[in-house]
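Just so you know, the sequences run in chain order A and B.
At position 88 of the first sequence (counting the first as 1) the number is 88 in my numbering, and the numbers step up by one without a gap.
With the second sequence counted from 1, adding 113 to any position gets you my numbering.
All C-beta atoms in this analysis are idealised placements derived from N, C-alpha and C, irrespective of residue type, glycine included.
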Amino acid sequence: AQSVTQPDIHITVSEGASLELRCNYSYGATPYLFWYVQSPGQGLQLLLKYFSGDTLVQGIKGFEAEFKRSQSSFNLRKPSVHWSDAAEYFCAVGGNAGNMLTFGGGTRLMVKP
Amino acid sequence: DAGITQSPRHKVTETGTPVTLRCHQTENHRYMYWYRQDPGHGLRLIHYSYGVKDTDKGEVSDGYSVSRSKTEDFLLTLESATSSQTSVYFCAISDGLAGLGEQFFGPGTRLTVL
């Protein structure tokens with residue numbers, strides 16, 4: 001069975017600091033990996049996705065993520081965090097016939113001024 | 114943004130009453146999904162549909178049923194609501210091309226069962 005672990009439930013960073021959110025997955029085949037962001041009271045918005053090819057993928061809002069097969073990880077990074085990045089972030093894995101996604105528990109990001 | 118609407122957006126109901134949530138899409142996507150979101154659990158799949166009248170169970174399907182009589186509509190029914198079904202419910206859609214799995218989400222429905 002596939003699973004996703006986001007080890008950090010809450011993270012607080014200062015505005016302008018760099019950010020890395022961790023994601024570890026378990027999947028029996030080549031995974032499709034996603035990062036979504038959810039602002040308070042909103043639905044989920046796709047930040048970026050990895051299907052194949054270059055293991056460093058670029059997304060919207062200045063985010064990037066790196067797929068490391070040997071570590072079963074897909075960590076999300078941003079070099080300089082803005083106050084508007086405060087939100088909850090979800091990592092997800094998929095790729096099966098039903099296009100179903102399995103989500104991690106989420107990481108809530110708080111940004112200090 | 115993908116054309117996905119959910120109704121109602123908020124609902125308060127009492128234990129034992131039936132509740133139906135509606136998801137409507139204008140994208141003509143094949144796949145539709147219902148998730149519930151609870152603190153610490155992320156999103157968990159309740160049911161999904163891979164075509165009109167074709168549905169299957171997800172991870173947390175007990176107490177829920179679904180129907181899809183048209184491509185654009187996917188209904189989630191709680192036959193007899195319980196307090197444990199208090200949650201935020203999200204609908205998602207996917208066109209399923211090449212099994213890529215990317216899903217687009219609706220704005221959510223906050224359901225409170227008293």
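Expected contact under 8 Å - CB spacing of residue i and residue j to nearest Å
i: A:T107; j: A:V93; result: Not confirmed; about 15 Å, so no contact.
i: B:L134; j: B:T225; result: Not quite, the Cβ-Cβ distance comes to about 13 Å (not below 8 Å), so this is no contact.
i: B:F218; j: B:F203; result: 5 Å
i: A:L44; j: A:F74; result: So it is not a contact: roughly 16 Å between Cβ atoms.
i: A:V188; j: A:V13; result: Residue numbering for chain A in the displayed model covers 1 to 113; residue 188 of chain A lies beyond these limits and cannot be assessed.
i: B:Q138; j: B:E185; result: 5 Å
i: B:S207; j: B:Y144; result: 4 Å
Per-residue contacts from residue i into chain A (C-beta, under 9 Å)
i: B:Y202; result: Within 9 Å Cβ-Cβ: nothing; B:Y202 doesn't reach chain A, min ~11 Å.
Buried versus exposed call for residue i [16 or more other C-beta atoms within 10 Å across all chains shown]
i: B:R149; result: buried
i: A:A1; result: exposed
i: A:I9; result: exposed
i: B:S162; result: buried
i: B:I159; result: buried
i: A:V57; result: buried
i: B:N141; result: exposed
Min CB distance residue i to chain B below 8 Å
i: A:N99; result: yes
i: A:G104; result: yes
i: A:F90; result: yes
Residue-level contact to chain A via CB, residue i, 8 Å cutoff
i: B:S174; result: no
i: B:S207; result: yes
i: B:E127; result: no
i: B:E215; result: yes
i: B:L156; result: yes
i: B:G212; result: No answer about B:G212 holds up, because its pLDDT of 47 lies below 50 and its placement is not dependable.
Contacts that residue i makes with chain A (C-beta to C-beta distance below 7 Å)
i: B:F218; result: G43, L44
i: B:G221; result: G43
Chain C within 8 Å of residue i, Cβ atoms only
i: B:L189; result: Annotation note: the requested chain C is absent from the structure, which comprises protein chains A and B.
Subject >> Positions along the stretch 25-52 of chain A whose CB lies within less than 9 Å of some CB in chain B >> reply: Y32, F34, Y36, Q38, G41, Q42, G43, L44, Q45, L46, K49, F51
Original post:
Can you list, in chain order, the residues of the stretch 129-154 of chain B whose Cβ is nearer than 7 Å to any Cβ on chain A?
Top reply: Y144, G153, H154
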